[in-house]
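Asker:
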Amino acid sequence: MSDIALLSSPSQPAAPAWRLLRRLIRRRLVLISLFILLIMLVVAVGAPWLAPYSPRKMDIAHRLMAPSAAHWFGTDEFGRDVLSRCMYGAQLSLTVGLLVVIVSLSCGIVLGVVSGYVRQLDGLLMRVTDALMAFPDILLAIALMAALGASLTDVVIALGTVYTPRVARVARGAVLVLRELQFIEAAEALGASSRRVIVVHLLPNLISPLLVQGTFVFAFSILTEAALSFLGAGVPPTSPTWGNMIASAQEYMQNADWLILAPGLCIVLTVLSLQVVGDGLRDALDPRLRRLT
Amino acid sequence: MVVVMFLVATIVFVISHVIPGDPAAVMLGPSATAADIAALRTRLGLDASLPVQYVQFLNSAIRLRLGESIFLSRSVTQALNERAMLTLQLTVLAAGLATLIGVPIGVLSAVKRGGVLDQVLTAGAMAGASLPSFWIGLTLIEFLAVRLHLLPVAGYGPPDAGMLERLSYLIMPAIALGIPSSALIMRFTRTSMLDVLQEDYVRTARAKGLAPAKVIFKHAFRNARTSVLTVIGLTVAGLLGGAIVTETVFALPGVGNLVVSAVLRRDYPVIQGALLVISGVYVLINLGIDILYAVLDPRVRY
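As given, the protein sequences belong to chains A and B, one line each in that order. At position 212 of the first sequence (counting the first as 1) the number is 212 in the working numbering, and the numbers step up by one without a gap. At position 92 of the second sequence (counting the first as 1) the number is 92 in the working numbering, and the numbers step up by one without a gap.
(1) So if DSSP puts Thr75 (chain A) in a beta bridge, which residue, or which two residues, is it bridged to?
(2) Checking contacts by CB at 7 Å: is Tyr169 (chain B) closer than that to chain A?
(3) Shorter than 7 Å from the beta carbon of Glu199 (chain B) to some beta carbon of chain A?
(4) Who pairs with Ser75 (chain B) in a beta bridge, going by DSSP?
(5) Expressed to the nearest angstrom, what Euclidean distance is found between the alpha-carbon atoms of Arg266 (chain B) and Ala294 (chain B)?
(6) Give me the Cα-Cα distance between Ala51 (chain A) and Ala98 (chain B), rounded to the nearest whole angstrom.
(7) Measure the C-alpha to C-alpha separation of Phe217 (chain B) and Ala110 (chain B) and round it to an integer number of angstroms.
(8) Closest to Leu138 (chain B) by C-alpha separation, out of A:Ile260, A:Leu272, A:Asp76, would be which residue?
(9) Compile a chain-ordered list of the residues in the stretch 47-69 of chain A whose CB is closer than 9 Å to at least one CB of chain B.
(10) Quick check: is the beta carbon of Arg282 (chain A) nearer than 7 Å to any beta carbon in chain B?
(11) Under 7 Å, CB to CB, which of the residues in the stretch 220-241 of chain A have a partner in chain B?
(12) Provide the residue span of the alpha helix (DSSP H) that contains Pro165 (chain A), from first to last.
(13) The alpha helix (DSSP H) that contains Asn255 (chain A), what's its start and end?
(14) Which residue comes first and which comes last in the alpha helix (DSSP H) that contains Asp137 (chain A)?
(15) Is the beta carbon of Met145 (chain A) closer than 7 Å to that of Pro165 (chain A)?
(16) Residues of chain A with CB under 9 Å from Phe13 (chain B), in chain order?
(17) Does the distance from the CB of Trp258 (chain A) to the CB of Pro136 (chain A) come in under 7 Å?
(18) Is there a Cβ from chain A that is less than 7 Å from the Cβ of Phe303 (chain B)?
(19) Count the other CB atoms within 10 Å of the CB of Ile101 (chain B); is the residue buried (16 or more) or exposed (fewer)?
(20) Pairing CB atoms from the stretch 202-210 of chain B with CB atoms from the stretch 98-115 of chain A, are three or more of them under 8 Å?
(21) Mapping DSSP to helix, strand and coil, what is Lys112 (chain B)?
(22) Near Val170 (chain A), which residues of its chain fall below 6 Å by C-beta distance, leaving aside the five closest residues on each side in sequence?
(23) Taking Cβ positions only, does Val162 (chain A) come closer than 7 Å to chain B?
(24) Near Leu140 (chain B), what residues of its chain come up, given a Cβ to Cβ distance below 7 Å and the 5 sequence neighbours on each side ignored?
(25) Taking all protein chains shown into account, do 16 or more other C-beta atoms lie within 10 angstroms of the C-beta of Ser8 (chain A), making it buried, or fewer, making it exposed?
(26) For Val303 (chain B) and Ile37 (chain B), what's the separation of their Cα atoms in angstroms?
(27) Decide if the stretch 122-129 of chain A is in contact with the stretch 80-98 of chain A; the criterion is three or more beta carbon pairs, one per stretch, under 8 Å apart.
(28) Below 7 Å CB to CB, which residues in the same chain sit around Ile285 (chain B) once its five sequence neighbours on both sides are set aside?
(29) Hey, does Phe35 (chain A) have any beta-carbon neighbour from chain B nearer than 7 Å?
(30) Flag this pair as touching only if the stretch 260-276 of chain B and the stretch 66-78 of chain B have three or more C-beta atom pairs under 8 Å; answer yes or no.
(31) Could you name the residues of the stretch 261-287 of chain B whose beta carbon sits closer than 7 Å to any beta carbon of chain A, in the order they occur along the chain?
(32) Tell me, please, whether the CB atom of Leu4 (chain B) is closer than 7 Å to any CB atom in chain A?
(33) I need the boundaries of the alpha helix (DSSP H) containing Phe250 (chain B), first residue and last residue.
(34) Give the single residue among B:Val228, B:Ala183, B:Ser181, B:Ala129 whose Cα lies nearest to the Cα of Val194 (chain B).
(35) Starting from the C-beta of Val18 (chain B), find all residues in its chain whose C-beta is less than 8 Å away, skip the five residues before and the five after it, and write them out in chain order.
(36) My output table needs one value for Met1 (chain B): the three-state DSSP class, helix, strand or coil.
Structure (structure tokens):
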């Protein structure tokens with residue numbers, strides 16, 4: 001029923017949020033993933049109150065302790081509580097991920113719409129995105145980090161530059177398809193200004209493809225941020241991140257494998273959940289694709 | 001392609017000129033004297049105006065004259081040259097591995113669509129794509145090398161090591177690098193196989209009683225392989241990037257390792273050169289794949 005409703009009204013801004021949510025949680029795996037993400041979010045936001053210890057408090061007497069009731073995830077080489085550090089790591093990873101999504105979606109949409117609308121600029125803009133995408137993600141990110149600095153803002157700028165072209169591509173593709181549809185033509189025929197067509201008719205229809213894309217950008221930027229921190233090219237090592245926790249655990253992993261296991265699991269769980277939700281969103285928003293999956 | 005490479009060079013130029021402050025001062029650190037900084041500025045050609053620097057940069061980039069490394073006392077081209085072979089081997093090995101794992105599993109999953117096996121494989125692929133390669137690498141070192149002593153921990157062996165011994169140093173890095181890509185290839189193979197398997201001609205082939213294996217490989221896979229090739233080409237970019245991380249984990253003296261140490265030491269000429277060369281390789285690979293299309297699929301004409 002709802003599939004038909006969605007198909008027959010392309011100008012509707014997708015399904016209402018609650019219907020989308022209901023369709024999402026019908027799939028058990030998506031539900032579990034949403035739950036994991038919710039927990040991560042709560043942990044990230046509530047880290048200052050929820051963390052059992054300060055992430056920087058050293059306790060040399062209790063260094064490299066295996067997981068126990070006092071330290072659920074054990075302690076690291078300075079006796080710092082790994083659970084607390086993972087929680088603050090979640091805060092940093094999710095902040096970076098979210099900001100990168102906001103930056104790359106907003107820049108990507110603008111570029112995509114300009115590219116889809118202003119034909120003279122299309123060729124140039126697309127060649128520039130081609131060129132930006134000719135650099136491997138991590139290489140471009142790490143080179144930008146070398147040029148910019150090492151603050152959280154720099155990480156977001158670097159990753160935003162990496163992922164904006166991908167979003168712009170998707171947005172442009174969607175704009176080109178939408179422009180050919182009758183309701184846009186009708187709006188133009190009725191004398192609507194370009195601005196009105198874009199704001200009222202085009203943008204709402206870009207939401208669903210870009211929502212899906214945004215979820216994947218979120219997942220990739222968490223992975224790339226972890227790699228940057230692992231290489232020592234991310235935020236300064238004073239703030240705990242999942243990546244730099246794994247990097248400093250390298251020397252001790254023989255006797256203390258929880259040191260790489262805990263942050264590793266955090267990365268995998270978050271990224272996997274995001275990908276599952278992204279897939280679920282795509283299926284829920286585009287019933288035509290569902291037969292293929 | 002020429003346009004893209006020109007833009008790539010421009011982006012590299014822009015990146016190396018957005019450095020806040022004086023790059024020469026940044027490179028030499030706080031203990032440098034004003035005279036040292038001035039000397040380095042002259043060496044790097046930083047005294048010229050921006051447009052002049054830009055033209056000079058493009059001019060030398062075309063001739064692959066990438067300048068001198070600040071720390072390695074050799075030219076960037078030389079440094080890249082010494083390390084390119086290792087990274088190439090690693091990338092090829094990982095790409096081969098990813099294809100060997102990804103394609104058969106993708107086909108299998110598509111054929112058994114909807115079944116338990118398909119669900120397990122699809123979920124596995126998604127998990128594989130969520131694993132950071134450095135984490136896979138460290139876990140492999142821990143189990144295969146440290147606990148089971150099957151493979152050397154890291155490095156690239158003594159200088160006189162033979163081909164086969166060298167290879168044993170590359171196995172774990174190639175696995176760590178290849179797994180995330182194999183997951184991507186698997187998912188893509190599955191989708192394009194599902195597309196093809198729904199075509200009428202596949203139904204016809206089945207209806208006339210051909211063996212299922214023959215239908216799958218002779219009829220269906222032939223048409224899926226062009227799109228599979230596309231994703232393999234795309235993963236090569238990921239592999240070139242992933243090599244940066246993997247080489248660091250396994251202490252392999254490749255291009256990736258060079259890039260990371262250059263970034264940590266702010267050795268800008270090396271970073272510039274590596275960016276140019278790696279993206280150039282990527283563009284070339286994709287050109288090669290475009291040509292392969294025409295070979296594999298006679299319908300494609302340029």
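Glycine is no exception: its CB is placed at the ideal position from the N, C-alpha and C atoms.
Answerer: The structure says:
(1) A:Asp81
(2) no
(3) no
(4) B:Glu68
(5) 43 Å
(6) 40 Å
(7) 12 Å
(8) A:Ile260
(9) none
(10) no
(11) Leu223, Ala226, Ala227, Phe230, Leu231, Gly232, Ala233
(12) 152-179
(13) First-last for Asn255 (chain A): undefined, no H or E at that position.
(14) 137-148
(15) no
(16) Correct list: empty, because the minimum Cβ distance to chain A is about 11 Å.
(17) no
(18) Since the first residue shown for chain B is 1 and the last is 302, residue 303 (chain B) is missing from the structure and cannot be characterised.
(19) buried
(20) no
(21) coil
(22) Pro209, Gln213
(23) no
(24) Met172, Ile175, Ala176
(25) Note that Ser8 (chain A) scores 38 on pLDDT, short of 50, meaning its location in the model is unreliable and no value can be drawn from it.
(26) The requested residue 303 (chain B) does not occur in the structure, where chain B is confined to residues 1 to 302.
(27) no
(28) Gly233, Val236
(29) no
(30) yes
(31) Val263, Leu264, Arg266, Ile271, Leu275, Ile278, Ser279, Tyr282, Val283
(32) Note on identity: in this sequence residue 4 (chain B) is Val, with Leu being the wrong assignment. So, interface residue.
(33) Phe250 (chain B) -> no alpha helix (DSSP H), and no H or E assigned at all.
(34) It should be pointed out that residue 194 (chain B) corresponds to Leu in this sequence rather than to Val. Considering only alpha carbons, the answer is B:Val228.
(35) none
(36) coil
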